[in-house]
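Residue numbers (the UniProt record's numbering): 1 to 191. Idealized CB from N, CA, C, for every residue including glycine. Structure, as structure tokens:
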Amino acid sequence: MTIKEFENKYWYMSELKALAKSLEIPFDSKTRKDQLEEMIIQFLETGTVNKKNSCRIKNRNIDILNNHSYVKNFRNKKETWEFINSEMDKRVPGLKPKSGAKYWLNRWIENKLSNGEKITYNDVVCEYIRLNKTEEKLPQIPSCKFNNFISDYLANEKNTTRKDALEAWTMLKDMKVKKDYITWKKINIHK
């Protein structure tokens with residue numbers, strides 16, 4: 001299988017897990033869809049998987065939630081988000097969380113920690129505020145191809161319904177092309 005063939009197919013998580021197992025790519029139950037896709041692409045490119053992208057080291061230590069604590073074991077839990085949102089509200093009262101801000105904050109934290117950078121919970125709160133104050137929409141979440149397509153379709157196609165968007169998605173999903181609205185639009189201009 002080539003990388004292009006892999007990228008031009010819509011994969012369900014169960015299919016990705018089966019493919020990863022057949023390629024003997026190690027992953028755990030907490031591996032996200034986008035991480036698994038990235039590991040498979042890396043394997044198709046190089047024949048190996050970067051160890052830092054595969055199974056996580058289990059760390060049962062819980063970080064102390066205050067602005068001066070270093071992030072060692074970030075947990076995407078209710079208590080953590082209550083702390084982050086409370087701190088954001090103290091600094092910028094009334095600032096509402098934007099769609100995708102949690103996702104991009106998590107990727108920012110992962111990137112910093114995987115590169116050996118030390119960050120505090122104050123840094124996390126500041127980054128979350130920055131993401132939520134951004135004027136434009138945040139980038140779409142890459143592993144949500146279906147959601148991104150439906151959202152873009154409904155935003156760009158005049159006088160259409162969700163049913164129309166679902167029919168367009170079903171057509172696109174079965175084609176061996178990139179799974180996004182722009183590709184669908186290019187294909188449909190020529191019809």
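- Here Thr31 is buried: its Cβ has 16 or more other Cβ atoms, across all protein chains shown, within 10 Å.
- Counting C-beta pairs closer than 8 Å gives fewer than three between the stretch 72 to 92 and the stretch 34 to 53, which falls short of the contact rule.
- Taking 4 residues as the minimum length, the alpha helix (DSSP H) runs contained wholly in the stretch 13 to 71 are 13 to 22, 33 to 46, in order along the chain.
- Annotation for His68: Thr120, Tyr121, Asn122 place their beta carbon closer than 8 Å to its own, counting only its chain and skipping 5 residues before and after.
- Leaving aside the five residues that flank Lys17 on each side, the residues in its chain whose CB is nearer than 8 Å to its CB run, in chain order, Phe27, Leu36.
- Under the criterion of beta carbons closer than 8 Å, Arg162 and Leu154 qualify as touching, at roughly 7 Å.
- In the three-state reduction of the DSSP assignment, Thr170 falls in the helix class.
- Taking a cut-off of 8 Å on C-beta distances, the stretch 110 to 120 does not touch the stretch 134 to 142, as fewer than three cross pairs fall below it.
- Listed in chain order, the non-local C-beta contacts of Lys96 below 8 Å within the same chain comprise Asn132, local neighbours out to five positions each way being set aside.
- Rounded to the nearest angstrom, the gap between the Cα atoms of Leu19 and Met175 is 20 Å.
- Excluding its 5 nearest sequence neighbours in each direction, Ala101 has C-beta neighbours in its own chain below 7 Å: Tyr128, Leu131, Asn132, Leu138, listed in chain order.
- When DSSP states are grouped into helix, strand and coil, Thr120 belongs to the strand group.
- In this chain, Met1 is not harboured by any alpha helix (DSSP H), its DSSP state being neither H nor E.
- A direct Cα-Cα distance of roughly 36 Å separates Lys179 from Lys72.
- Within the stretch 131 to 164, no run of beta strand (DSSP E) at least 3 residues long lies entirely inside it.
- With distances taken between CA atoms, Phe146 lies nearest to Trp169 out of Trp169, Thr160, Asn156, Lys158.
- Around the C-beta of Met39, 16 or more other C-beta atoms lie within 10 Å, and the residue is accordingly described as buried.
- Of Phe149, Asp34, Glu15, Val49, the smallest CA-CA separation from Ile25 is found for Val49.
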